[in-house]
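Chemist: Pasting a structure below so you can have a look.
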Amino acid sequence: MYKTVANKNRNYPKRVLTPENIARVPESLEQSPTKSQRRLSVQVGIKRTSCRNIIKKGLHLYPYKFTVVHALKRPDEPPRVEFCRWFLSEVESELLDPQFFISSEEAWHVISQNMRHYASVNPHE
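So this is what it looks like as structure tokens:
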């Protein structure tokens, strides 16, 4: 909107994309690159759309969704067996409580649906 005689006394919103705000977004993303844009906007104190513009246009980062891409293969067997032996020895020596060990693909599915990672290139390519 242009300032004219009719609206010259209106208060226009201050510019949010200041160098200070632009500098705070990458600092916050470095601490947690999987942070949602909503949480980032609350932490930084600017609108979500402004955060998105800074991320995409200013930093040239794009949100990528986590996907499970690793299939179990024959070379994976020795490390898995080693982990199982370690786990059993920790349980037998009572250093580890097996009730607190959770392994579930369903849990991974729920977590992966909501998580994004900001990067300049697709990590799966």
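Position 98 (the sequence shown) corresponds to 398 in our numbering; numbering is contiguous.
Glycine residues also receive a C-beta, built at the ideal position from the N, C-alpha and C atoms.
These numbers come from a predicted model, not from an experiment.
Classify A419 as helix, strand or coil using the three-state DSSP reduction.
Modeler: A419 falls in the strand class under three-state DSSP.
Chemist: Label S393 either buried or exposed according to how many other C-beta atoms from any shown protein chain fall within 10 Å of its C-beta, with 16 as the threshold for buried.
Modeler: So S393 ends up on the exposed side.
Chemist: Going by DSSP in three states, K356 sits in which element: helix, strand or coil?
Modeler: The answer is helix: DSSP assigns K356 an H, G or I state.
Chemist: Three-state secondary structure (DSSP) at P363?
Modeler: Looking at P363 - three-state DSSP - the assignment turns out to be strand.
Chemist: What's the call for V391, buried or exposed, on a 16-neighbour Cβ count within 10 Å?
Modeler: By the neighbour-count rule (16 or more Cβ atoms within 10 Å), V391 is not buried but exposed.
Chemist: For S328 versus V344, is the C-beta distance shorter than 7 Å?
Modeler: Cβ distance < 7 Å, so S328 and V344 count as in contact.
Chemist: Should the segment 314-322 be regarded as contacting the segment 345-365, the criterion being three or more beta carbon pairs within less than 8 Å?
Modeler: The segment 314-322 is in contact with the segment 345-365.
Chemist: Can you look up T318 in the DSSP assignment and give me helix, strand or coil?
Modeler: Looking at T318 - three-state DSSP - the assignment turns out to be coil, as it is neither helix nor strand.
Chemist: Checking 7 Å against the spacing of the C-beta atoms, do R348 and Q337 come in under that value?
Modeler: Yes, the Cβ-Cβ distance between R348 and Q337 is below 7 Å.
Chemist: When the Cα atoms are used, what is the spatial distance from N321 to G358?
Modeler: Those two C-alpha atoms are separated by around 11 Å.
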